[in-house]
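Novice: The structure is given below, and queries will be raised subsequently.
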Amino acid sequence: MLSHPNGQGRSGSRPGLPPLTRKDGEPGWAAGLRNLYNSVVDEPLPDSFDDLLKKLDESDDG
Amino acid sequence: MTAESASGHQADEEFRKELLGTLPHLRAFARGLSGRPDYADDLAQETAIKAWTARERYTPGTNMRAWTFAILRNHYLSELRRNRRQTDLDDGAVERMLVMDADQEGGLHLSDMEAALLQLAPERREAVMLVGAGGFTYEEAAEIADCAVGTMKSRVARARAELNRILNAEPDPQALARRKAAIRSGAGLTRSGTESSSAHRRETG
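Shown next, in the form of structure tokens:
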């Protein structure tokens, strides 16, 4: 069975992200470096960000 | 509500939306810079607060990711300098991170990639994170890091060469043991310190 994480099959659907595919002639770790970055980008924000999000939400209501 | 405050409100909304979209990138960049997930999240949050406070200075339609990355790296560097001044324990912190990586099977797991990044000088780590991971052009990265484009190109090239050397080497238990020993004795620390300046820095007085 093919896995499509989050239903996002193409990296092109995520603006601002570098491509996931390996480019010709680059060393193997180069894709690993991009994956390291992209894997964090793809993580949901941890709970520790709740206060920040609340603060941003309320900041112009008061 | 006046027309002016209404448009200001709308601008804030736009800014907030864009800033929220940038948060995952700030986490990723900070993780690569610092190698410490919890600290990286703190950096990302502090950066978001700073960006929000300074939102008047942001030009809508320009690159929010680049703008906030510049805030993050400046904040990170000033934290590093402050820690160094206050406690002079920065090298010790680097040592703890690396030794933790080498010794702990469970708990905090650093991939080979992350461990290799931490061996680079901060400027080179930042350069390869911006260009190699974040997908910025040399010009954009140079602006974020507040350096000349040629300097950025050279930092990226050196970072790549070092990563080639570190990551393409066959895993060799003896080499790892030597590296750990070097880290413990402090011999491996200059590479983790500030590029060139650590070699030139002298205790005065």
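Residue numbers (our numbering), protein chains in the order written: chain A, 4 to 65; chain B, 28 to 232.
We treat Cβ as the ideally placed atom computed from N, Cα and C, and that holds for glycine.
1) Under a three-way DSSP split, which group does Thr74(B) fall into?
2) Compare the Cα-Cα distances from Leu10(B) to each of Ala34(A), Phe52(A), Asn38(A) and report the closest residue.
3) Taking 7 angstroms as the CB-CB cut-off, is Asn191(B) touching chain A?
4) So which residues on chain B does Gly35(A) lean against when the C-beta distance must stay under 7 angstroms?
5) Do the CB positions of Leu50(B) and Thr74(B) come within less than 7 angstroms of each other?
6) Return the residues of the region 51-69 of chain B that lie within a Cβ-Cβ distance of less than 7 angstroms from chain A, sorted by chain order.
7) Would DSSP call Ser138(B) helix, strand or coil?
8) Please classify Ser34(B) as buried or exposed, where buried requires at least 16 neighbouring CB atoms within 10 angstroms.
9) How is the alpha helix (DSSP H) around Glu150(B) delimited, first residue to last?
10) How is the alpha helix (DSSP H) around Leu36(A) delimited, first residue to last?
11) Is Thr164(B) near the ligand GTP - that is, is its Cβ less than 6 angstroms away from at least one heavy atom of it?
12) Over the uninterrupted alpha helix (DSSP H) stretch that includes Ser51(A), give me the two end residues.
Specialist: Result, derived from the coordinates:
1) Numbered from 1 along the second sequence, position 47 holds the residue referred to as residue 74(B). Here Thr74(B) sits in helix by DSSP.
2) This structure does not reach residue 10(B), given that chain B is present from 28 up to 232, and the question cannot be answered.
3) Numbered from its first residue, the second sequence carries residue 191(B) at position 164. Output row for Asn191(B): interface = yes.
4) Locating residue 35(A) in the first sequence gives position 32, counting from the first residue. Here the neighbours are Met140.
5) One-based indexing of the second sequence puts residue 50(B) at position 23. One-based indexing of the second sequence puts residue 74(B) at position 47. For Leu50(B) and Thr74(B), no; Cβs fall outside 7 angstroms.
6) Pro51, His52, Arg54, Ala55, Arg58, Gly59, Asp68
7) The count along the second sequence starts at 1 and reaches residue 138(B) at position 111. When secondary structure is reduced to three states using DSSP, Ser138(B) falls in the coil class, being assigned neither helix nor strand.
8) Counting from one through the second sequence, the residue named residue 34(B) turns up at place 7. Ser34(B) comes out exposed.
9) Working through the second sequence from its first residue, we reach residue 150(B) at position 123. DSSP places Glu150(B) in the uninterrupted alpha helix (DSSP H) bounded by 149-155.
10) In the first sequence, residue 36(A) corresponds to position 33, counting from 1. Its alpha helix (DSSP H) spans residues 31-45.
11) With respect to the ligand GTP, the structure offers nothing, as it holds no ligand at all.
12) Numbered from 1 along the first sequence, position 48 holds the residue referred to as residue 51(A). Ser51(A) -> no alpha helix (DSSP H), and no H or E assigned at all.
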